[in-house]
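In what follows, a single structure is set out as structure tokens and then discussed.
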Amino acid sequence: MKLKRGELVIILGASGAGKSTVLNLLGGMDTNDEGEIWIDGANIANYSSHQRTNYRREDVGFVFQFYNLVSNLTAKENVELASEIVIDALDPEQVLKDVGLGHRLNNFPAQLSGGEQQRVSIARAVAKNPKILLCDEPTGALDYQTGKQVLKILQDMSRQKGATVIIVTHNGALAPIADRVIHMRDATVKSMTINEHPQDIDTLEY
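Here the sequence shown stands for residues 1 to 206, where the numbers follow the UniProt record's numbering.
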């Protein structure tokens with residue numbers, strides 16, 4: 001597959017199709033057994049462990065399906081944990097307000113609902129202002145309105161910040177918002193479609 005800088009990409013497929021594996025490879029979390037992964041002119045498949053660590057820290061933001069928040073840090077501190085390791089970070093407090101958690105800055109993960117924890121996870125990834133934002137089912141634990149709010153932030157990261165945003169999801173109804181839609185089955189890319197006129201989140205019903 002070939003993706004362009006600044007695209008919002010949605011990868012669709014059933015469980016076990018290989019979607020999350022693609023995210024882990026693109027994010028330098030896993031190493032591939034064969035083939036190449038070229039990003040910004042470099043084959044990250046050849047990176048040393050140290051180079052992969054730098055790549056993850058400086059270029060990639062992750063939105064994990066299972067949050068991975070630090071339990072003894074507040075929501076704001078969890079976001080600061082990511083923003084403090086990069087140069088061009090966004091303001092943690094403002095990003096939390098953008099995902100509707102301005103009133104939860106000083107709450108710990110155990111004091112937050114599942115949906116709120118997911119929004120902290122999203123804020124943490126966005127606050128790094130990454131070149132590549134990798135999202136594994138980012139709206140899976142969210143209600144409809146909050147889900148649209150989060151998708152709006154992800155679309156803005158692509159359109160306004162120039163980040164390449166890659167969303168893995170089972171929900172085919174989200175496909176209209178993407179610049180590129182990839183269908184996977186049995187660890188294989190079955191189709192790739194370019195959407196010439198991506199739909200704004202505000203007008204999406206799913």
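Even for Gly, the Cβ is constructed at its ideal location relative to N, Cα and C.
- Under a 10 Å Cβ-count criterion, N78 is classified as buried, with 16 or more other Cβ atoms of the shown protein chains found around its own Cβ.
- Here the alpha carbon of N43 sits roughly 19 Å from the alpha carbon of G61.
- Taking the Cα positions, V126 is about 31 Å away from E34.
- When R185, N32, K152 and K190 are compared, the shortest CA-CA separation from A178 is found for K152.
- If you draw a 10 Å sphere on the C-beta of A110, you find fewer than 16 other C-beta atoms in it, and that means exposed.
- In the three-state DSSP reduction, H170 falls in the coil class, being neither helix nor strand.
- Pairing V181 with L142, the inter-Cα distance amounts to about 22 Å.
- Per the Cβ contact rule, the region 64 to 72 is not in contact with the region 85 to 102 (fewer than 3 Cβ pairs under 8 Å).
- With a cutoff of 7 Å on beta-carbon distance, T169 and E137 are scored as near each other.
- When the five nearest sequence neighbours on each side are left out, the beta carbons in the same chain lying within less than 7 Å of the beta carbon of H183 are those of L12, G13, K190 and S191, in order along the chain.
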